[in-house]
Amino acid sequence: MIITIRPEASSEERAHLMTLLCRVTESRAPIASTRTAEREVIALDGALIDTQVQQLLLQQPAVAEVLPLKTPYQLVSRSFQTTNTRILIGADHTCDTVTVGEASASPVIMAGPCAVESREQLLKTAHAVKAAGANVLRGGAFKPRTSPYQFQGLGVEGLKLLAEAREQTGLPVVTEVMETEMVDMVAEYADVFQIGARNVQNYALLRAVGKHPSKHPVLLKRGLSSTVEEWLLAAEYIMAAGNPNVILCERGIRSYDPKTRNVLDLTCVPLLQEMTHLPVVVDPSHATGRRELVPTMARASIAAGAQGLIIETHCDPSVALCDGRQSIEPETLTRIIREAKALAHLLHENELVQVA
């Protein structure tokens, strides 16, 4: 259930509403208001509120509207917001800006190395992806690895190098945050929080990026075995904590077949666009694990309606310290971006994509 607060409601009227909600729900659910791009709302489990209580809520001076929703997720639901959410990237630092979710024929491209390895490697790659046409620089300063003996990233030094790369190229930066204690630090250097597949159900971390005052956009990757509903509920955690700027990223789900790293579930792209107003991008690098498959799956992602791509790019993948097998070279990125824009333009011109 979504309760919309009247903008002109007084503090006394708001306090009275909160007291009433605590009483009728018997405090079985946390109650707090959150501000979306359009309004201030309170999201509750609709099962806690019967029809009689709904009518009582509508009589409260602080309440503008009560919207009963049957889905377990509320704020991310297309029923709650029928128009697509548009998220501005790069507004908090001196750099270029780009909007994800815009009704345009130009998909947003996030590209860069899996991991920040050195100053020389990062700056060379950053300039190369900028020249190729990328809008956002990706790069891991902290790397969650399956083995404790694998390269884990440069840490804080990597964040500083990403900030330097932004200063030189003008590209906003997306990088992964792995722990709640890292959120402030990553917010200082990055423009977008990335929540990786391993942390999609780390609810403390989801709340932390949701509550952070920067309101940096959050790139929320799908978990290795997450259902679409579980993924949307992870997004709900972030939005319920106060951050409406969530970007969903399909990066493949685990399968029994070792020929590819994961299985790219492109059916989820149009499905999500029916279920949610949040923008959807695709990561064909992690989905396939094989650089020769990335261009084809990038095209397929755009054809399915993805509003952007995130692609691992390295100037010399053969010496990459992390995921070199799935990293493409800048020349290939140039071709992918050219093809993605042409395909998106074709779909847009023929009204074959959702533009709400």
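Take the sequence shown: its position 153, counted from the start at 1, is 192 in our numbering, and no numbers get skipped. Where is the CB? At the ideal position from N, CA and C, for every residue including glycine. Please read all numbers here as calculations on a predicted model, not as lab measurements.
First and last residue of the uninterrupted beta strand (DSSP E) at residue i
i, result
"ILE70", "Here ILE70 belongs to no beta strand (DSSP E), and DSSP marks it neither H nor E."
"LYS199", "Counting along the chain, LYS199 falls outside any beta strand (DSSP E), though it belongs to the alpha helix (DSSP H) covering 195-208."
"CYS61", "Here CYS61 belongs to no beta strand (DSSP E); instead the alpha helix (DSSP H) covers 50-63."
"ILE350", "347-351"
"ARG374", "First-last for ARG374: 369-388, but that is the alpha helix (DSSP H), not the beta strand (DSSP E)."
"VAL147", "147-151"
"ARG78", "ARG78 -> no beta strand (DSSP E), and no H or E assigned at all."
"LEU108", "First-last for LEU108: undefined, no H or E at that position."
"VAL231", "231-234"
Which of helix, strand or coil DSSP assigns to residue i
i, result
"ALA247", "helix"
"ALA101", "coil"
"MET278", "helix"
"VAL216", "coil"
"SER357", "helix"
"GLY85", "helix"
"GLU331", "helix"
"GLU289", "strand"
"GLN113", "coil"
"ALA154", "strand"
"GLY262", "coil"
"ARG338", "helix"
"ARG177", "strand"
"GLN191", "coil"
"LEU127", "strand"
"GLN120", "coil"
Cα-Cα separation, residue i to residue j
i, j, result
"PRO369", "VAL239", "30 Å"
"THR75", "PRO283", "5 Å"
"THR43", "ARG117", "16 Å"
"LYS298", "PRO146", "29 Å"
"GLY140", "LEU310", "16 Å"
"ALA54", "LEU60", "10 Å"
"HIS384", "GLU51", "51 Å"
"GLU388", "VAL321", "22 Å"
"ARG205", "THR122", "31 Å"
"GLU156", "LEU193", "7 Å"
"ALA337", "ASP296", "21 Å"
"THR110", "LEU303", "25 Å"
"THR352", "LYS254", "27 Å"
"LEU95", "THR58", "13 Å"
"LEU114", "LEU200", "36 Å"
"THR164", "GLN93", "56 Å"
"SER357", "PHE190", "15 Å"
"LEU386", "ASP135", "26 Å"
"PRO183", "GLN91", "49 Å"
"GLU331", "ASP355", "15 Å"
"ALA229", "THR64", "39 Å"
Where the alpha helix (DSSP H) through residue i begins and ends
i, result
"LYS169", "158-171"
"GLN33", "Only positions 40 to 395 of the chain appear in the structure, and residue 33 is not among them; the question remains open."
"VAL239", "Here VAL239 belongs to no alpha helix (DSSP H), and DSSP marks it neither H nor E."
"MET224", "222-228"
Top-ranked residue by Cα proximity to residue i, from the options
i, options, result
"THR315", "GLY347, TRP270 and VAL302", "TRP270"
"ALA103", "THR136, LEU56 and CYS134", "LEU56"
"ARG290", "THR214, GLY235, CYS61 and VAL92", "GLY235"
"HIS251", "VAL216, GLU268 and LEU272", "VAL216"
"LEU108", "ILE277, ILE88 and LEU60", "ILE88"
"ASN241", "TYR228, VAL231 and SER265", "SER265"
"LEU348", "ALA130, CYS361, HIS325 and GLY363", "HIS325"
"CYS288", "LYS260, GLU313 and ALA273", "LYS260"
"ALA381", "CYS354, ALA342 and LEU263", "ALA342"
"PHE119", "LEU305, ALA173 and ARG78", "ARG78"
"VAL231", "LEU127, ILE292 and GLU203", "LEU127"
"GLU203", "GLY262, GLU378, ARG158 and PRO356", "ARG158"
"ALA48", "PRO100, PRO356 and ASN301", "PRO100"
"THR306", "LEU200, VAL267, ALA280 and GLU351", "VAL267"
"ASN301", "LYS169, LEU95, ARG329 and SER253", "ARG329"
"VAL175", "LYS199, VAL137 and PRO187", "VAL137"
"GLU378", "VAL333, SER366, VAL358 and PRO356", "VAL333"
"ALA339", "PRO318, ASP355, SER366 and VAL308", "VAL308"
"ALA280", "SER72, ARG62, THR64 and ALA226", "SER72"
"VAL225", "TYR112, GLN207, LEU198 and ALA243", "LEU198"
"SER294", "ALA274, THR327 and ILE286", "THR327"
"THR335", "ALA170, ILE367 and SER186", "ILE367"
"LEU105", "TYR112, THR64 and ARG45", "Sequence check: residue 105 is Val here, not Leu. VAL105 has its Cα closest to that of ARG45, out of TYR112, THR64 and ARG45."
"ARG125", "ILE148, VAL285 and PRO187", "VAL285"
Nearest-angstrom beta carbon gap, residue j and residue i [assumed within contact, 8 Å]
i, j, result
"ARG177", "GLY151", "4 Å"
"VAL222", "VAL195", "The pair is not a contact, with the Cβ atoms about 14 Å apart (cut-off 8 Å)."
"ARG246", "TYR276", "6 Å"
"LEU360", "ALA167", "The Cβ separation is near 18 Å, so there is no contact."
"LEU83", "MET40", "5 Å"
"GLY179", "THR214", "6 Å"
"GLY344", "GLN312", "6 Å"
"HIS132", "PRO211", "7 Å"
"PRO318", "GLN346", "5 Å"
"THR373", "GLY172", "7 Å"
"GLN207", "LEU162", "6 Å"
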